[in-house]
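I have placed the structure first, in the form of C-alpha cells, so that the comments after it can refer back to it.
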Amino acid sequence: MTNFNITSTNYVLTPFNLFVSAAVLVLFIITLIAKWKMFNKFGEKGWKSLIPFYSEYVMLKNVWRGSIFFVSLALFILTFTFQQIAASLVGVPQLICLLVGLVFSIALLVVKIRSISHLSRAFGHGMGMTVFGVLFTDLQTIFLGLGNSQYIGAAA
C-alpha cells in the first residue's frame, strides 16, 4: 500500500517549485490582460475574453468566421468520442475507431493552425507570426494584445 504522506519529497515546495509556480501565475495573469486588450482591439468588450468557449467564438468571429467555432467543437467532440469508444474495444474495431479518431484529430489540428493564421493576418502579420503562434500561443496573445499591432479586420 502506498503511503501518501504530505511530507514526502513529491509534495515539498522547494524554492524552484515556488519560482516556477509564481512564473506560471504571472504568465497567466499577463495573458489574461493581453487577451482583454486584444478583444478591445477587435472592438469587443474585454470581459468577453474571460468566458470559456464564448471567448473562442468571439475571437474566431472577428478573425475568421464564427461558424468555425462550431466546426472546431464538433471535431473535438468526435475525436474524444471515438477515442473513448476505442478504449472499450479490442482488435480490428478498436483500430478502426482509433484511426477515425486520428482523422478527426488531424482535422482539428488543421483548423486550429488556420485559426492562428487568421489571427495573425487580422493583425497584419504573416507566416512568421503564425509559426510563432503555433509554437507559443500565449506569447502570441501577449504580443498582439499588449504590443503595437493594430487590428485590421478578418482576412478574406
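Be aware that the sequence shown starts at 64, since it is given in the working numbering, and climbs by one per residue.
For every residue, glycine included, the Cβ atom is placed at its ideal position computed from N, Cα and C.
Buried or exposed for Arg-184, please, with buried defined as at least 16 other CB atoms from any protein chain shown within 10 angstroms of its CB.
Position 121 of the sequence shown, counted from the start, is the residue given in the question as residue 184. Arg-184 comes out buried.
Could you tell me whether the segment 106-120 touches the segment 162-173, using the rule of 3 or more Cβ pairs below 8 Å?
The segment 106-120 vs the segment 162-173: no contact.
Buried or exposed for Val-87, going by 16 or more other Cβ atoms inside 10 Å?
On the sequence shown, position 24 is the one that residue 87 refers to. Answer is exposed; the Cβ neighbour count stays below 16.
So, Leu-95 versus Asp-201, is the Cβ gap smaller than 8 Å?
Here residue 95 is taken as the residue at index 32 of the sequence shown, counted from 1. Here residue 201 is taken as the residue at index 138 of the sequence shown, counted from 1. No, they are not a contact pair.
What does the alpha-carbon distance come out to for the pair Leu-78 and Ile-92?
The residue given as residue 78 occupies position 15 in the sequence shown. The residue given as residue 92 occupies position 29 in the sequence shown. The sequence shown places Pro at residue 78, not Leu. Distance between the alpha carbons of Pro-78 and Ile-92: 21 Å.
Under 8 Å, do Trp-127 and Ala-217 count as touching if we go by C-beta distance?
Residue 127 sits at position 64 when you count from the first residue of the sequence shown. Residue 217 sits at position 154 when you count from the first residue of the sequence shown. Yes, the pair counts as a contact, with Cβ atoms nearer than the cut-off.
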